[in-house]
Structure formats: structure tokens, C-alpha cells
Amino acid sequence: MDVLYALLLQPFVFMAQEPLIFAETVVKGLMAGVLYSLVALGFVLIFKASGVFNFAQGTLALFAALTLVGLMEKMGDGLPKAAIVVIAIVATIGVMILLAMIVERFVLRPLVNQELIILFMATLGLSYVLEGVGDLTWGSDVKVLDIGLPDGVFDIGGVYVEQLDVVAAIVAGSMVTVLAIFFNKTRIGRALRAVADDHQAALSVGISLQQIWVIVWSVAGMVALVAGVMWGSKSGVQFSLSLIALKALPVLILGGFTSIPGAIVGGLIIGLGEKVVEVFWYDVHGGAVENWFAYMLALVFLMFRPQGLFGDKIIERV
Amino acid sequence: MLYRETGLFKTSYQADQALFTLTQDRILIGLILLVAFAIVPFMVNDYWSKAILLPFLIYSLVALGLNILVGYCGQISLGTGGFMAVGAYGAYKLMTGFPDMNLILVVVLSGGIAAAVGVLFGLPSLRIKGFYLAVATLAAQFFLIWMFNKVPWFYNYEMSQITVPPREVFGVLVTGPNSEPASQYLFTLSFVVFFTWIAMNLVRGRIGRGWMSIRDRDIAAELLGIKPLQTKLSAFAVSSFYVGMGGALVFTIWLGSVEATEAFDIQQSFFVLFAIIIGGLGSILGSFLGAAFMSLMPVVLKLILVDGVGVVPVDAKHIEIILVGVLIIVFLINEPAGMARMWQIFKEKMRLWPFPY
Numbered sequence: 145m146d147v148l149y150a151l152l153l154q155p156f157v158f159m160a161q162e163p164l165i166f167a168e169t170v171v172k173g174l175m176a177g178v179l180y181s182l183v184a185l186g187f188v189l190i191f192k193a194s195g196v197f198n199f200a201q202g203t204l205a206l207f208a209a210l211t212l213v214g215l216m217e218k219m220g221d222g223l224p225k226a227a228i229v230v231i232a233i234v235a236t237i238g239v240m241i242l243l244a245m246i247v248e249r250f251v252l253r254p255l256v257n258q259e260l261i262i263l264f265m266a267t268l269g270l271s272y273v274l275e276g277v278g279d280l281t282w283g284s285d286v287k288v289l290d291i292g293l294p295d296g297v298f299d300i301g302g303v304y305v306e307q308l309d310v311v312a313a314i315v316a317g318s319m320v321t322v323l324a325i326f327f328n329k330t331r332i333g334r335a336l337r338a339v340a341d342d343h344q345a346a347l348s349v350g351i352s353l354q355q356i357w358v359i360v361w362s363v364a365g366m367v368a369l370v371a372g373v374m375w376g377s378k379s380g381v382q383f384s385l386s387l388i389a390l391k392a393l394p395v396l397i398l399g400g401f402t403s404i405p406g407a408i409v410g411g412l413i414i415g416l417g418e419k420v421v422e423v424f425w426y427d428v429h430g431g432a433v434e435n436w437f438a439y440m441l442a443l444v445f446l447m448f449r450p451q452g453l454f455g456d457k458i459i460e461r462v
Numbered sequence: 130m131l132y133r134e135t136g137l138f139k140t141s142y143q144a145d146q147a148l149f150t151l152t153q154d155r156i157l158i159g160l161i162l163l164v165a166f167a168i169v170p171f172m173v174n175d176y177w178s179k180a181i182l183l184p185f186l187i188y189s190l191v192a193l194g195l196n197i198l199v200g201y202c203g204q205i206s207l208g209t210g211g212f213m214a215v216g217a218y219g220a221y222k223l224m225t226g227f228p229d230m231n232l233i234l235v236v237v238l239s240g241g242i243a244a245a246v247g248v249l250f251g252l253p254s255l256r257i258k259g260f261y262l263a264v265a266t267l268a269a270q271f272f273l274i275w276m277f278n279k280v281p282w283f284y285n286y287e288m289s290q291i292t293v294p295p296r297e298v299f300g301v302l303v304t305g306p307n308s309e310p311a312s313q314y315l316f317t318l319s320f321v322v323f324f325t326w327i328a329m330n331l332v333r334g335r336i337g338r339g340w341m342s343i344r345d346r347d348i349a350a351e352l353l354g355i356k357p358l359q360t361k362l363s364a365f366a367v368s369s370f371y372v373g374m375g376g377a378l379v380f381t382i383w384l385g386s387v388e389a390t391e392a393f394d395i396q397q398s399f400f401v402l403f404a405i406i407i408g409g410l411g412s413i414l415g416s417f418l419g420a421a422f423m424s425l426m427p428v429v430l431k432l433i434l435v436d437g438v439g440v441v442p443v444d445a446k447h448i449e450i451i452l453v454g455v456l457i458i459v460f461l462i463n464e465p466a467g468m469a470r471m472w473q474i475f476k477e478k479m480r481l482w483p484f485p486y
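Residue numbers (my numbering), protein chains in the order written: chain A, 145 to 462; chain B, 130 to 486.
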């Protein structure tokens, strides 16, 4: 009876009694969801264009953030702050594009036509390499990433919202818009969609797969950079940053591997659910549920829609 | 010249259905078993046992289990670490709850518990497939580890680190810090050999063929009358049984005391998955080769880097990670079918050696 009370009644009583706490939890959850979406977005891009389930996306974010911090430290104090930030970001983008080329040349190209699980394992191997290289070049201690993002809080009618979260939401929103335009209106975007649809058909109309892959991995690298900057500004650049990939996976299956809006909506649902359950159902589980709750939530959704909320309908033939 | 079928005539159904039809294979297996059972126990010391032999044997068992699920039945699972933890904590609860229970029974029963949990987490596989399923099995991984840390009943209301009580099998101490490396090694080896034999027979019989048909084309298999429910769940059950026994052995024999978050984290799941992919999906031999590769590589790399070249241990760790990643990618590019395939090619060459045409 006690359990049932704690499970079914008490949380809602709590919510009704403390609307401010509830509102704040919801906002926090949504903001966390935005950050999950940022990582999930990179996954979706690569999955759509090459069918590769890129496990290295989290490590990619860590690698990008590490490179950015490392470059900013190397440049020292001689220049004004803004200049350092801009130069470092441009240089990091360059590094990510270079990385995309290396990945395409040495990992993807030799593995063309292999089974998907082989490609998945290759990205796992890649994430090991990136992790090791990042640590070896820039050191493995926790680094503070400060590129001048605001770090105060807004007070909206008693509900506190971190400014950094708001910036992240704005950045995520504009990034999705830019990506949507890129995918739908540009020549390269159309080529990307063609590749996603059918590799061979795309090849036969003269689209270069290799070029497309480099572009997709570069874009995913930049998305990873944004995600890395946002997470890094929040909690420092450290190894655990690469674990956000694990947070993004349930977002992916919830939203569907192939859908950009799915990544956003899935991220919001998961972020919201996680925070609300963490705060209001604390008496039932006793804390630290964020590791698995998202997966369970996604599993429940999958029972009803096996392809995720917005994924392409799975059509099976013998 | 040495290794060929020529001149071998099978004159009975029994001979035709033998596990190893080639005389050469039988001799080779017999030799390996002879060395493993009769010679190695006299040479083994603590370092060899704890650092090389036990990890290799136990990971072989776990890899075998995962290979049944991934390689034979085609259901990708990333929950291996969680199921190993079920085996380990099952063994702990059984050993502390029933102090008189034989350790052999304890290990087998913990495998059984893991099998039940495996079936539970295998249920979504009827509805979701491919990478969606892979991610869904991560739910098992994270939930189980969280549960073992959070619910005090599992660690008997003491510290969350569980330690194995000393137990004897046939009058010989095999668990705890005071046991002889040789007896621990023999205990584990017997398990691995026996259950490998079971698995070899499982995968070539009706059950195993059912798994493979589901893997190759599930809808076609369904139309042929293979029930997806029983087939998939039996694969999950058998796989988790093996993995759970492996977890129980990790806890009771190899490590002696474990903490769920450290010993059975997601890296374990990836480690075993690497082992079967490098070894060869859908191959019993591959499970062993992959487990050997994955458990020996860090030892060898450490030997070369730290003791040989003299790299600082911290940097060596990073270099090791990079090398592991590079090796995996190189391996996947050169031989995606794994080491089992390389062995097959080698055998083909041996048939004609030394006069290839």
C-alpha cells in the first residue's frame, strides 16, 4: 500500500502543492533534453546518410571540446579573448573536417558493403582511438571551457532558469533550422538525401559517395563541437563527456534513427521524464535513476512504435 | 598433406554425426585437452592463473554465450555486463543463503537465474529489431547494475562490494584468496570444456538451426513454421545462462570480490562483443579465439610498452587504448568474418600443403 501511495498519489500531491518546483523541474528537464538532442542530432545525420550507427559521436564531442580548450590554452593571453575564441573555433572546425576525411579514407572506404554491425564495431574502435589521442595530446585532467557564454540565471516569476541552458536551446533551435534548410534546399542536401535513400541509385546518377560521407562526418563533427561546447561549459571538459553518447541513444530509439525532428522531440521527452521522475518519484527509487530511466521510457514507447516516434516505417519482406 | 579428408570413410551414422569427423581434428583436440588438463595445472602459478588463464577461460564462456545470441540468432545485445552481474550476485546470494550448497551447483543455478532475467529482457526482441534492440538491451545493462547497487538485499545489507566466502569442491578449496591457482584453473576449465561441448551440440541440432534461420531471414523462418517466440527467447535464455555462469565464475573464482559498477560496467559488454566479432560471429571456435585475443592483447601490450620500451604507465594506458581501437578497425577491415575464418583458410591451405596446385 505504501509503495502504491508513493508511486501513484504522493508525487501528484507534491506537484500540486509545489507548482514552482514542478515548473522549475519541467524547465530543467526540457533544457537537459535540448542538450541530449544536440548529441542525438549528430547520430541521426550520420545514420541517415551512411546507415552507420556511429557510436563515436560522444567521443567526437569530447574530442572537439578537448581540441578547442587545448587550442585556446596554447594561444595564451596575447590576443583579446574574442579573437582567441573565434580562431580556436575555426581551427577546431578545421580539425573536425580533417578528421572526417581521415575517417572516410581509413575506416569507411575500406568497409564499404560490410554488414552494419561491423561498421558499428568500427565506430566503437574509432571512439577508443579518439579518446586515446585526445587524452594523449591534451592531457586527461578536467579542463574548464570558457568561451564567454553567460552563466547566470534568469528569474521568471520565481522559476530559475540558467542562462547557459537558454543559450543551448537557442543554439539547438537555430542549428536544426539551418540543417533543415541545408537538407532541403541546397544541392548537397539533396545529394545527401539521395544517398540516404539508396546508395547505388545515388552512385548511378553521379553522386560521389566518398564526398558525401566526408561532408556528413564534417557536419556531424561540427554538431559534436557544439554539443561538446555546451556540455563542456556546463560541467568541464573531461572523459565523462564521451558518456553522453549513452544518454543520446535512448533519445535516438525514441525519436527514430532517421528523423531530425525525432531527435529533438525524443530529447525533450527524455529530459523531461528523467528530471520529473528523479525529483517527484524519489521516494520510490531512491535516486540515481538517470542512468537507466531513459532506456526504460524508450522501451515502453518502442513497444507501440518499433521504429520510434518519427522513424521511417519498417516494411519487411521475405 | 597431413590435414585432409582423403581416406577417411564413414561407415556408420554415428561416425557421420560425430562432433569432429576428421581424425586430425580429433588428435588435435585430444592433445589440447591433454595439455590443458594434465600438464598446465602443474606449471600454473598465481600470475598466469589470475592474469591470463582465468580471464581467457571465463571470457571464452561469456563470449560463447553472447555468440549464441548475436552470432547464431542474430539478436544484437549490449547487456552482457548486466547479465554477468546477475550471475555474480546470484552466486553470492546462493552461497551466503545456502552455505552447504556445492559450488558447481551454485554456478549452474546462478546461470539459471541469469537465464530467467535474460528471457525477461529478451521479450522486447519480439517487437523490435536490429539496432533498436541493441539500444534496448542497454536498458538491461544500466537497470541491473543500478539495482545491484541500490537494493541492499543483494549485498546482504553490508558494503556494496561483495566478497566470496571460501568454498571447497570435492575437498579442495577453490574460492577465496587461499586457494591454489591449479585447483581454480581446473575448476574453471572443467566448466568451460563441458559447456562448450553442450553448445557445440546445441547449435548443430534442431534448436541451433532454428536460431540460424531466424538470424538469416526471420520472416521466412516464421513462414516455414519456426516459432519466433520460442526461438528468440530460447536464444536469450541459453545465452544469458552462459553469460551468467561466466559472471558467477568471475566473482567466485577470478576476482573474489566485485563491485557491480566496476566489474560489470558497459565496457564489459563491449569487450565481449569485440571478442566475438574479432573471433568470428556464429562460430564456437571464434568465441575462444576472440576471447584469447581480447584478454591477451592488453597483457602483451603492457609487457611491450611499459617493460619493453619504458613508456610511463599513464601514457601507456592511453597508447593501449589507441592501439586497441586501431587493431579492432584493422581487423574489421582485413577479416570481417573474424579469426575463425582465418583458421578456415589456413585449414584449406593445409589440405594441399606442401604441394598446392
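Even glycine gets a Cβ: it sits at the ideal position worked out from N, Cα and C.
Computed from a predicted model, the values in this text were never measured in an experiment.
- DSSP places A:Val420 inside the alpha helix (DSSP H), whose first and last residues are Ile404 to Phe424.
- In the DSSP assignment, A:Val303 falls within the unbroken beta strand (DSSP E) covering Val303 to Glu306.
- With a threshold of 16 other beta carbon atoms within 10 Å, A:Asn198 meets it and is buried.
- Residue-level contact check: A:Ala266 touches chain B, since one or more beta carbons of chain B fall below 8 Å from its beta carbon.
- Per DSSP, reduced to three states, the secondary structure at B:Ser206 is coil, with no helix or strand assignment.
- By DSSP's assignment, B:Ile291 forms a beta bridge with B:Val387.
- Listed along chain B, the residues sitting closer than 7 Å to A:Val277 by beta-carbon distance are Ile451.
- Runs of the alpha helix (DSSP H) lying entirely within the region 452 to 484 of chain B and spanning at least 4 residues, in chain order: 468 to 481.
- Residues Leu215 of the same chain have their beta carbon placed closer than 6 Å to that of A:Ala235, with the five preceding and five following residues left out of the count.
- Secondary structure of A:Ile300 (DSSP, three-state): strand.
- Within the region 244 to 259 of chain A, contact with chain B at the beta-carbon level (separation under 7 Å) is assigned to Val251, Pro254, Leu255 and Gln258.
- The alpha-carbon separation between A:Leu308 and A:Gln382 amounts to approximately 19 Å.
- Under the three-state reduction of DSSP, B:Val298 is assigned to strand.
- Sequence-distant Cβ neighbours of B:Asp145 in its own chain, meaning closer than 8 Å and more than five residues away, are Lys139.
- For B:Ser398, the enclosing alpha helix (DSSP H) begins and ends at Ile395 to Gly408.
- Straight-line spacing of the CA atoms in A:Gly400 and B:Asn330 works out to 39 Å.
- When secondary structure is reduced to three states using DSSP, A:Val381 falls in the strand class.
- Taking a C-beta cut-off of 8 Å against chain A, the contacting residues of the region 239 to 260 of chain B are Pro253, Arg256, Ile257, Lys258, Gly259 and Phe260, listed in chain order.
- B:Ser369 and B:Leu434 have their C-alpha atoms some 36 Å from each other.
- Chain-order list of chain A residues neighbouring B:Val440: empty, with the shortest C-beta distance near 11 Å, by a criterion of under 8 Å.
- Given a length threshold of 4 residues, each whole run of the alpha helix (DSSP H) inside the region 135 to 212 of chain B is given here in chain order: 142 to 145, 152 to 163, 169 to 172 and 183 to 196.
- With respect to the C-alpha of B:Glu297, the residue from B:Thr381, B:Ser141, B:Arg335 and B:Leu262 having the closest C-alpha is B:Thr381.
- Following the DSSP letters along the chain, one finds A:Glu217 inside the alpha helix (DSSP H) bounded by residues Gln201 to Met219.
- Of the residues A:Leu260, A:Phe187, A:Ala313 and A:Gly278, the one whose Cα lies closest to the Cα of B:Ile451 is A:Gly278.
- Excluding sequence positions up to five before and after B:Glu464, its CB lies within less than 7 Å of the CB of Arg470 and Met471, all in the same chain and listed in chain order.
- Inclusion of A:Met159 and A:Phe448 in the CB contact set at 8 Å is not warranted, their separation being larger than that value.
- If you compare the alpha carbons of B:Ile413, B:Ser254, B:Arg333 and B:Pro228 with that of B:Ala147, the shortest gap goes to B:Arg333.
- Going by beta carbons, B:Tyr188 and B:Phe277 fall outside the 8 Å limit.
- Between the beta-carbon of B:Tyr142 and that of B:Gly337 there is about 19 Å, and that puts the pair past the 8 Å contact cut.
- With the criterion set as a beta carbon lying under 9 Å from some beta carbon of chain A, the members of the region 452 to 470 of chain B are Leu452, Val453, Gly454, Val455, Leu456, Ile457, Ile458, Val459, Phe460, Leu461, Ile462, Asn463 and Pro465, in sequence order.
- By the criterion of at least three beta-carbon pairs nearer than 8 Å, the region 203 to 212 of chain A is in contact with the region 361 to 373 of chain A.
- Residue burial is scored here from C-beta neighbours: B:Gly373 has at least 16 other C-beta atoms within 10 angstroms and is therefore classed as buried.
- Flagged as an interface residue toward chain B: A:Glu460, by a C-beta distance shorter than 8 Å.
- Interface annotation, B:Trp275: in contact with chain A, CB-CB separation under 8 Å.
- Interface criterion not met: the Cβ of B:Phe400 is under 8 Å from no Cβ in chain A.
- Annotation for A:Phe437: Gly417, Glu418, Val421 and Glu422 place their beta carbon closer than 8 Å to its own, counting only its chain and skipping 5 residues before and after.
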